[in-house]
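Heads up: the structure comes next, in structure tokens.
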Amino acid sequence: MKISILPSIGKTALITSILALIALNYGFKAEMSEQEWLNWSNRCLNSSFNPTPDINLKKWEITLTSDYFLRLRKTYQHGKQEYFSFNLHRLTNVDYVGSDTTGAVKFNTQTDDIIVQTYEDPNGNIDSMATTFDLPVHNMSATKFDSLKNALHYFRTKGL
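Taking this note's numbering as reference, the numbering of the sequence shown is continuous, increasing by one, and the terminal residue is 194.
Set out below in structure tokens:
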């Protein structure tokens, strides 16, 4: 006859506790991967971009690329295109001005690091550089903006 040190209820509780600790330890990731940050950032930017201030806007494309460039291309009804692009390594500050319903995300770079180009413009094509870029957005809550800011900070410091 075997005699156990722990009663059967104690054994069950011990095994359950060990399994719960293992599940908690391996069930959660400590942080998101670079690809998850990139996917989330692109979803956030695409769902939040507010094209309504430009009534003649035909289509637009906003992308955060895997080489840390934020790019926005706007195409208007008469063929004019505007293009904005900058590398996140040059980003110095991201701020939000507005309410939860509408506002603008303001990007600031170190110097004139934001590429601004126009094509098919009746007033002539323009190639210039800027230090600030305002992105009109809607439905940008404080927590959503903070998450976007964290993602941009992650990419800005990546590889430096």
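The beta-carbon is built from N, C-alpha and C at its ideal position, and this holds for glycine as well. Here the structure is a predicted model, which is why all the values come from computation and not from measurement.
**Request:** Report back the beta-carbon spacing between THR166 and PHE141 to the nearest angstrom; my notes put them in contact at under 8 Å.
**Result:** Yes, they are in contact, since the Cβ atoms of THR166 and PHE141 sit about 7 Å apart, within 8 Å.
**Prompt:** Counting only runs that start and end within the stretch 58 to 119, where is the beta strand (DSSP E) found for 3 or more residues in a row?
**Reply:** Counting only unbroken stretches of 3 or more residues, the beta strand (DSSP E) elements lying wholly within the stretch 58 to 119 are 91 to 98 and 103 to 110, in sequence order.
**Asked** Thinking C-alpha only, which one of SER67, ALA47 and VAL171 is nearest ASP129?
**Response** When C-alpha distances from ASP129 are compared across SER67, ALA47 and VAL171, the shortest belongs to VAL171.
**Asked** Below 8 Å between beta carbons: does that hold for LYS114 and ASP88?
**Response** ASP88 is positioned such that its CB atom lies no closer than 8 Å to that of LYS114.
**Message:** Rounding to the nearest angstrom, what Cα-Cα distance links GLU95 and ARG124 in this structure?
**Reply:** In this structure, the alpha-carbon of GLU95 lies about 21 Å from that of ARG124.
**Asked** When the distance is taken between beta carbons, is PHE120 closer than 8 Å to THR143?
**Response** Yes, the Cβ-Cβ distance between THR143 and PHE120 is below 8 Å.
**Asked** Between LYS92 and LYS192, what straight-line distance do the alpha-carbon atoms span, to the nearest angstrom?
**Response** Spanning the alpha carbons of LYS92 and LYS192 requires a straight line of approximately 35 Å.
**Request:** May I ask you to list the residues that DSSP assigns as paired with LEU169?
**Result:** Within the DSSP bridge table, the entry for LEU169 names VAL139 as partners.
**Request:** With distances taken Cα to Cα, identify the nearest neighbour of SER175 among THR46, ILE56 and CYS78.
**Result:** Of the residues THR46, ILE56 and CYS78, the one whose Cα lies closest to the Cα of SER175 is CYS78.
**Prompt:** Given that a residue counts as buried once 16 or more other Cβ atoms are within 10 Å of its Cβ, and exposed if not, what is LEU122?
**Reply:** It is buried - the Cβ of LEU122 has at least 16 other Cβ atoms within 10 Å.
**Asked** Do you know how far the Cα of ASP168 is from the Cα of ASP161?
**Response** ASP161 and ASP168 have their C-alpha atoms spaced approximately 18 Å apart.
**Item:** Coil, strand or helix - ILE56 by DSSP
**Value:** ILE56 falls in the helix class under three-state DSSP.
**Request:** Confirm, please, whether the CB-CB distance from PHE189 to TRP74 is below 8 Å.
**Result:** With contacts defined as CB atoms closer than 8 Å, TRP74 and PHE189 fail to qualify as a contacting pair.
**Message:** Quick check on DSSP: helix, strand or coil for ASP180?
**Reply:** Three-state DSSP puts ASP180 in a helix.
**Asked** In the DSSP assignment, what are the bridge partners of SER162?
**Response** The partner list for SER162 (beta bridge, DSSP) reads VAL150.
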